[in-house]
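Everything on this sheet refers to the single structure shown next.
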Amino acid sequence: MQRLRSTLDRIDRKGYGAYKDLSGSHDFGLFVLFVDRVQRDPFAPPTLIRIRTRENAFDPTLFENPVRRVAFEDFLSRSVEREIRRIVRGDRGSGGSGRVEIQRASQVVLPRTSMVVEPGYVEARMAVGLPARGRSVDARAARTVLLEELPEVVRRGLVPAPEGGVDGVRARLNVETVEDADHVRRLLPELGLVAFVADGAVLPRESGASDRPLRDGAVPFESPGEYRVEVGLPNRGVVSGMGVPEGVTLVAGGGFHGKSTLLSALSWGIYDHVPGDGRELAVARGDAVKVRAEDGRSVSGVDISAMIGELPGGRTTEDFSTPNASGSTSQAANIAEAIEVGTSLLLVDEDTSATNFMIRDERMRELVRREPISPFIDLVRPLHRSLGVSTVVVVGGVGDYLDVADRVILLEDYAPSDATSRSREVTNRFPPRAPLAEREVRPPRERAIDATSIDLSRGKRQSARSRGLHTIELGRERVELSYLEQLAEAGQTEAVARIIREWAAASEVRGVGELVREALGSISMKGLDSLGSFQGHPGEMSLPRPQEVAAAVNRVRSLRTTPQS
Ligand code: ADP
Ligand code: MG
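Here the working numbering is used: position 446 in the sequence shown is 447, and no number is missing along the way.
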């Protein structure tokens, strides 16, 4: 600390580059500050630091198993974020002077590089904008940030009471909430369920732009009696809620009655949520994939033959490529790719689906003889029968789906009820307009990726990085991920970019599934930090799912693939 102070005195008013002398470690007593990478000027990306506490004085049961540890790290990361907002003034000169940042967490709990909890210490990874006046060192402001604000953030946000300010009760609630959700998710297969939504869950969100819970007028979830199951949780005891069984489940209801909200809650149920989110116990199979139409996307060598037959000009669809997919072919590719990397649950919303992919009525069957598409309605049962892939499909307008549903959940004024037997009466009174043309489906043929087709060169540099949540920049290509509805935060996008960078660097031809499994296997063994590039400081990353990693590489426009035998 003394050395830091004298270094700052010495470099005051010098050129900004003099901040380089802060590199290395500084002992603050309560913690050690590591300055891993110093920014070159006040406008450049901020300086990367780590703060490692002298000891870990938290109750060890908070991190006694891997699930608890992730939850506790998530809790501490948010705790530091909150204290930064309270304590750090920021705006202490030019550029990012005086700013202190830690990776922003979304509503979901994920392994992140921002926080590490070990038995002997706790380490927060952060970024600081070293203060400047113009382009020279402002040592006085730097002293305030590094010697006053930062230690206060650590005391309040990273050290347990009584010495520090972290509330053990809240920490415990976080850990136990996540452990309970994880427990239910693991239980789903043996219960024959694809999802569970606890009674009392609050599913609607604050707005289309915010993932926080709706505060005013939210109707808590209440399971229909027919689907009510009870599960015993490790911490909360027995909880009741709606169990969605395997097979084909239809969610029906009038417009604006909460169908999409329920489906969206299921799609986020792949992740654990923080206490207070409302969806803490809305869980789905971890491999669930929400599929939608995405016209304009590129498709590379995907076997969509189960869904779409021969195309104009006799083009086969076992190895389908296009730089510009239509609504229906994009949705077919999204499904085939999801099955290729592995899924047991598809989530489909009529709102975001291509109509001609979903159904085809009698009149169109008569008028249009050369229709290559087998509508999803003909596939949804075979998908379950032959491949074990269940579907939850939201339908407001297309009553034909009543014929293929194992059960129908009706939403009225946000309240679900079981409408399965009523739907049977309806289908008897109004027989299908077009006969079902079900046929067996086989799994899509797997592809191998030719990594040499991923070109990372951008001028003289090699580059692969995220630009926010929905874009990855690979060399000169921008990969568009806006339609990946289950990507939760930018840290995941960054991790995906780095995984793809490693593939590109290896220049091999390897199976998609194999590559993804290997990448995530290596992360689970070596930790997310292993994707990092700077010595000591890994940058801001969160753990992505295999499904999103595959989805991202599948959207690379230059991608070349070959069918695997
Ligand atoms: P649908 O898909 O059936 O047309 P949405 O799911 O889009 O309906 O929901 C319509 C509106 O109702 C949205 O603004 C949503 O936030 C709100 N909403 C959904 N579920 C609830 C609920 N349980 N309580 C209060 N508002 C809700
Ligand atoms: Mg809707």
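Think of the CB as a built atom: it goes at the ideal place given N, C-alpha and C, for glycine as much as any other residue.
Quick caveat: nothing in here was measured; it's all calculated off a predicted structure.
Start-to-end residues for the beta strand (DSSP E) that takes in residue i
i              : result
proline 132    : Run containing proline 132: none; DSSP gives neither H nor E here.
arginine 38    : 32-38
histidine 184  : Per DSSP, histidine 184 belongs to no beta strand (DSSP E); it is in the alpha helix (DSSP H), 169-192.
leucine 348    : 346-350
threonine 392  : 391-396
leucine 412    : 408-413
isoleucine 103 : 101-103
proline 214    : 211-214
glycine 512    : 510-512
threonine 250  : 249-254
serine 208     : 206-208
Neighbourhood of residue i by C-beta, 6 Å cutoff - its chain only, sequence neighbours within 5 removed
i              : result
methionine 127 : Ile50 and Ile103
aspartate 362  : Arg434 and Ala435
valine 198     : Phe222, Gly242, Met243 and Ala283
serine 98      : Pro43, Gly130, Pro132 and Ala133
glycine 540    : Gly533
Where residue i falls: helix, strand or coil (DSSP)
i                 : result
proline 46        : coil
alanine 420       : coil
isoleucine 524    : helix
glutamine 463     : strand
threonine 428     : helix
proline 152       : helix
phenylalanine 222 : coil
phenylalanine 377 : helix
threonine 529     : Checking the sequence shown, residue 529 turns out to be leucine, not threonine. Note: leucine 529 maps to helix in three-state DSSP.
serine 306        : coil
glycine 492       : helix
arginine 237      : coil
glycine 400       : helix
arginine 1        : Here the chain covers residues 2 to 566 and nothing more, so residue 1 does not appear.
serine 329        : helix
proline 120       : coil
threonine 318     : coil
alanine 435       : coil
aspartate 217     : coil
leucine 147       : helix
glycine 96        : coil
glycine 279       : coil
Run of the alpha helix (DSSP H) containing residue i, from where it starts to where it stops
i              : result
isoleucine 85  : 67-88
histidine 538  : It is not in any alpha helix (DSSP H) - histidine 538 carries neither H nor E in the DSSP assignment.
methionine 359 : 356-359
valine 554     : 547-555
arginine 286   : Run containing arginine 286: none; DSSP gives neither H nor E here.
aspartate 28   : Per DSSP, aspartate 28 belongs to no alpha helix (DSSP H); it is in the beta strand (DSSP E), 25-28.
leucine 267    : 260-269
alanine 162    : Careful: alanine 162 lies outside any alpha helix (DSSP H) and carries neither H nor E.
arginine 4     : 3-12
alanine 143    : 140-144
leucine 368    : 363-368
Same chain only: Cβ atoms within 8 Å of residue i, ignoring 5 sequence neighbours per side
i             : result
arginine 293  : Gln332, Asn335, Val349, Asp350, Thr353, Ser354, Tyr484 and Glu486
valine 390    : Ile340, Thr344, Ser345, Leu346, Leu347 and Leu384
aspartate 401 : Ile360, Asp362, Ile378, Pro433, Arg434 and Ala435
methionine 2  : His27, Asp28, Phe29, Gly30 and Leu148
alanine 449   : Val510, Arg511, Gly512, Val513, Thr562, Thr563, Pro564 and Gln565
serine 387    : Glu441, Val442 and Arg443
Per DSSP, cross-strand counterpart(s) of residue i
i                 : result
histidine 385     : Per DSSP, none; premise fails for histidine 385.
glutamate 447     : DSSP output for glutamate 447 lists no bridge partner at all.
phenylalanine 64  : None; phenylalanine 64 has no bridge partner.
isoleucine 336    : Isoleucine 336 pairs with nothing; no bridge assigned.
tyrosine 484      : Paired residues: none, contrary to the question.
phenylalanine 197 : Gly244 and Val284
isoleucine 473    : Ser467 and Val480
glutamate 231     : Ser241
isoleucine 455    : Looking at the DSSP assignment, isoleucine 455 forms no beta bridge with any residue, so it has no partner.
valine 300        : Thr323
arginine 53       : Val33 and Glu124
Contacting residues, own chain, Cβ-Cβ under 7 Å from residue i (five flanking each side not counted)
i             : result
aspartate 183 : Val68 and Asp273
arginine 459  : Gly476 and Arg477
glycine 248   : His385, Ser391 and Asp407
alanine 496   : Leu529, Leu532, Met542, Ser543, Leu544 and Pro545
7 Å Cβ cutoff, residue i in contact with chain D
i             : result
aspartate 352 : The structure shown has no chain D; it contains just one protein chain.
heavy atom of ligand 3 below 6 Å from residue i C-beta
i          : result
arginine 6 : Ligand 3 is absent from the structure shown, which contains only ligand 1 and ligand 2.
* Asked: Whose beta carbon lies closer than 6 Å to any heavy atom of ligand 2, going through the chain in order?
  -> Lys260, Ser261 and Asp352
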